[in-house]
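J.: What follows is a single structure, and I will ask about it in a moment.
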Amino acid sequence: MTVRNGAPRIEPDSADPDAVDGRQIRAAAFQRVRLEYTSGVLERLGRAPSGRALVVGSGRGLLPHGLARLGFTVTAVDPSGPATALAREAAARAGLAVEHRTGSAERLDVPEAAYELVYLADTLEITADPDRVMERAARALVPEGVLVYDTVNRTVVSRLVYLVAFQRLPLTRIMPAGRYAARRLRTPAEVAALLARHGLTGAGICDFHPRDLRSLVAGTLARRRGRIGDDALAEAVGCELAPGSAPLVTYLGHARKGRL
Numbered sequence: 001m002t003v004r005n006g007a008p009r010i011e012p013d014s015a016d017p018d019a020v021d022g023r024q025i026r027a028a029a030f031q032r033v034r035l036e037y038t039s040g041v042l043e044r045l046g047r048a049p050s051g052r053a054l055v056v057g058s059g060r061g062l063l064p065h066g067l068a069r070l071g072f073t074v075t076a077v078d079p080s081g082p083a084t085a086l087a088r089e090a091a092a093r094a095g096l097a098v099e100h101r102t103g104s105a106e107r108l109d110v111p112e113a114a115y116e117l118v119y120l121a122d123t124l125e126i127t128a129d130p131d132r133v134m135e136r137a138a139r140a141l142v143p144e145g146v147l148v149y150d151t152v153n154r155t156v157v158s159r160l161v162y163l164v165a166f167q168r169l170p171l172t173r174i175m176p177a178g179r180y181a182a183r184r185l186r187t188p189a190e191v192a193a194l195l196a197r198h199g200l201t202g203a204g205i206c207d208f209h210p211r212d213l214r215s216l217v218a219g220t221l222a223r224r225r226g227r228i229g230d231d232a233l234a235e236a237v238g239c240e241l242a243p244g245s246a247p248l249v250t251y252l253g254h255a256r257k258g259r260l
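Numbered according to UniProt numbering, the sequence shown spans residues 1 to 260.
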């Protein structure tokens, strides 16, 4: 990666190796805990990782491809055309039959009651209309289907990480300004109310975080500078589930359509 004056170009969903794609950096760091949490939820519910899954906010395809390897037939939707193209290329290289579409979470164009699993990734902390997103997600689920999501809490620490470190500080910036805003960060209580408004019964949340602050900064900087790849980033950052811990920054959660 070419870095001029210590400031690489920030460009999400870019195939240019000289650009920093903060969405992909985040997806790579979260991949292991996203799949671990989803697998654990399904196991506790007595569900096999099979049937149809919908990933909303799929980016370059890491999460939908991971779910396909678990056994799901996956449809993936992302608002970015370039990200969708990159995801299709990655699926073809891996020999995965994942259907990638470009579309918005607010105007999700998928069949009703068609998916056993819907995963909202890179979505709730981005959208300005969470009710519209959740209504569409709930509509896509089969009765008693499972919704999984991860998002960013609204705390002092999360503001420092997402609004300052990731968007403003030259040393650690990986996202374009304005991608995250305080008003779009959602507390667990707000998400629980959102789920209930759309016929989804929440079943708790799980904090997840990097191994420590040093690993987060070191891993992000190494990936931003092109010194390590996505697989090495996940190991360097070391995100881990922390059930029972109050989420200071990010958290996962799940719900069922109808009663638990």
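For each residue, glycine too, the CB sits at the ideal point set by N, CA and C.
Here the structure is a predicted model, which is why all the values come from computation and not from measurement.
Could I get the ranges of all uninterrupted alpha helix (DSSP H) runs contained in the UniProt domain "Methyltransferase type 11" (54-148), with 4 residues as the minimum, in chain order?
T.: Fully enclosed alpha helix (DSSP H) runs of 4 or longer: 62-70, 81-94, 130-140.
J.: Roughly how many whole angstroms lie between the Cα atoms of Val110 and Leu120?
T.: About 14 Å.
J.: Please work out which residues of its chain come closer than 6 Å, Cβ to Cβ, to Val33, disregarding the five sequence neighbours upstream and downstream, and give them in chain order.
T.: Excluding positions up to five away in sequence, the list reads Phe208, Cys239, Leu241.
J.: Would you give the residue range spanned by the beta strand (DSSP E) that Arg256 belongs to?
T.: That run of the beta strand (DSSP E) goes 250-257.
J.: Measuring straight from C-alpha to C-alpha, what distance separates Leu108 and Asp18?
T.: Looking at the two C-alpha atoms, the distance is approximately 32 Å.
J.: Closer than 8 Å by C-beta to Asn5: which residues in its own chain qualify, once you throw out the five before and the five after it? Chain order, please.
T.: Residue confidence for Asn5 is low, a pLDDT of 48 falling below 50, so the modelled location carries little weight; the figure read from the coordinates is stated next. Nothing listed; no residue qualifies.
J.: For Leu171, does the three-state DSSP call read helix, strand or coil?
T.: Leu171: coil per DSSP, three-state reduction.
J.: For the region 243-255 against the region 132-148, do three or more pairs of beta-carbon atoms, one drawn from each stretch, fall closer than 8 Å, so that the two count as touching?
T.: In short, these stretches touch, since the Cβ pair count reaches three.
J.: Just how far apart, CA to CA, sit Val142 and Gly40?
T.: About 20 Å.
J.: Could you please give me the residues that DSSP links to Arg184 through a beta bridge?
T.: In DSSP, Arg184 forms no bridge with anything.
J.: Would you kindly check if the distance between the Cβ of Val56 and the Cβ of Val118 is under 8 Å?
T.: Result yes, Cβ atoms of Val118 and Val56 sit closer than 8 Å.
J.: From what residue to what residue does the alpha helix (DSSP H) around Ala29 run?
T.: That run of the alpha helix (DSSP H) goes 22-44.
J.: Tell whether a beta-carbon distance below 8 Å holds between Gly61 and Val98.
T.: Yes, the pair counts as a contact, with Cβ atoms nearer than the cut-off.
J.: Could you check what DSSP says for Met1 in three-state terms: helix, strand or coil?
T.: For Met1, the predicted model reports a pLDDT of 44, less than 50, meaning its position is unreliable; a value from the coordinates is still stated below. Three-state DSSP puts Met1 in coil, outside helix and strand.
J.: Look up Gly202 in the DSSP assignment and give the residues it is bridged to.
T.: DSSP, once it has assigned bridges, lists Ala255 as partnering Gly202.
J.: From the DSSP output, read off the bridge partner residues of Glu10.
T.: Residue 10 is actually Ile in this sequence, not Glu. Val20.
J.: Does any residue of chain C bring its CB to less than 8 Å from the CB of Leu185?
T.: Annotation note: the requested chain C is absent from the structure, which comprises a single protein chain.
J.: If you draw a straight line from the alpha carbon of Asp196 to that of Ala137, how long is it in whole angstroms?
T.: First, the amino acid is wrong: residue 196 is Ala here, not Asp. Those two C-alpha atoms are separated by around 13 Å.
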